[in-house]
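In UniProt numbering, the protein residues as written are 1 to 283.
For reference, the structure is listed below as structure tokens.
Structure, rendered in structure tokens:
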């Protein structure tokens with residue numbers, strides 16, 4: 001007999017939300033395991049996030065959270081946060097356990113898995129992280145957890161970079177040995193991996209860049225993506241980076257980590273990533 005079990009309901013919540021590729025990603029993941037699910041985009045009012053989440057979970061099973069609600073999701077979950085969410089100060093994945101809302105942040109896991117996928121294991125590497133917003137804080141702990149030799153955060157407003165360092169060290173004092181911060185001109189040494197966590201690439205603008213020195217076989221990684229290499233990627237290669245990659249793999253990787261939380265299975269990111277690259281016009 002055919003399976004008549006109702007499809008479980010999932011979604012992504014944000015404002016705006018029409019640009020999200022999460023429905024496509026999760027639908028393709030589900031097809032790998034013959035899972036029946038629905039996944040929708042949910043536009044929440046800027047002043048109505050909590051109410052929208054509450055209404056969704058009356059019959060919903062899991063939510064991804066995107067801008068500008070990740071910090072509100074963190075506050076909403078309260079004590080039922082994963083360690084990664086506590087370190088990130090933000091939540092991008094919500095689910096229920098025994099009627100209680102739980103939250104995790106899979107952004108950093110998505111980044112680290114993509115770095116491994118493209119052949120640049122963070123372990124033992126010197127990493128320069130440009131930007132000190134939410135995207136930056138979300139990946140600091142996973143990069144440290146992956147075993148990088150040094151992680152240095154720089155930002156135009158250096159105080160914001162120092163704030164992230166202080167917040168992380170307060171939760172994990174051992175991080176103080178490998179985590180440093182400064183302004184854009186404070187980028188001592190040379191680097192194996194340079195990551196752009198600023199939003200400049202959203203408009204194909206070039207972020208304010210330090211005169212960073214790239215080691216041999218180095219990687220310039222932009223958390224954002226477009227149909228063409230971003231301005232950051234092009235500038236980094238001209239400055240001596242051996243390789244450059246965009247953040248589409250990070251997007252699929254963080255989605256795979258959310259999918260595993262909800263369903264307990266590890267999806268294959270490669271075919272999904274290949275389809276996305278085709279859809280946005282990348283060759």
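Just so you know, even glycine gets a beta-carbon here, dropped at the ideal spot from N, CA and C.
Given the structure is predicted, the values throughout are model-derived calculations rather than measurements.
N-terminal and C-terminal residue of the beta strand (DSSP E) that residue 25 is part of: Unbroken run through residue 25 is the alpha helix (DSSP H), 22–32; no beta strand (DSSP E).
Collapsed DSSP secondary structure at residue 247 in the structure displayed: coil
Alpha carbon of residue 177 to alpha carbon of residue 170, nearest angstrom: 13 angstroms
Segment limits, alpha helix (DSSP H) that includes residue 161: 158–171
Beta-ladder partner(s) of residue 196, from DSSP: 130, 222
With 16 other Cβ atoms within 10 Å as the buried cut-off, status of residue 227: It is exposed - the Cβ of residue 227 has fewer than 16 other Cβ atoms within 10 Å.
8 angstroms contact criterion, which residue 118 and residue 104 should meet: CB distance rounded: The Cβ separation is near 24 angstroms, so there is no contact.
Neighbour-count burial assignment, residue 2, 16 or more Cβ in a 10 Å radius: Bear in mind that a pLDDT of 43 at residue 2, under 50, signals an unreliable position, so the number given afterwards is only what the model happens to contain. That one is exposed.
Given 8 angstroms, three or more beta-carbon pairs between the region 182–190 and the region 147–157: Contact between the region 182–190 and the region 147–157 is present, with at least three C-beta pairs closer than 8 angstroms.
Alpha helix (DSSP H) runs contained entirely in the region 52–129, provided each spans 4 or more residues: 70–77, 83–88, 107–117
Endpoints, the beta strand (DSSP E) within which residue 18 is located: Run containing residue 18: none; DSSP gives neither H nor E here.
N- and C-terminal bounds of the beta strand (DSSP E) containing residue 177: Run containing residue 177: none; DSSP gives neither H nor E here.
Spatial distance of residue 39 from residue 134 (CA atoms): 25 angstroms
Under the three-state DSSP convention, the category residue 144 falls into: helix
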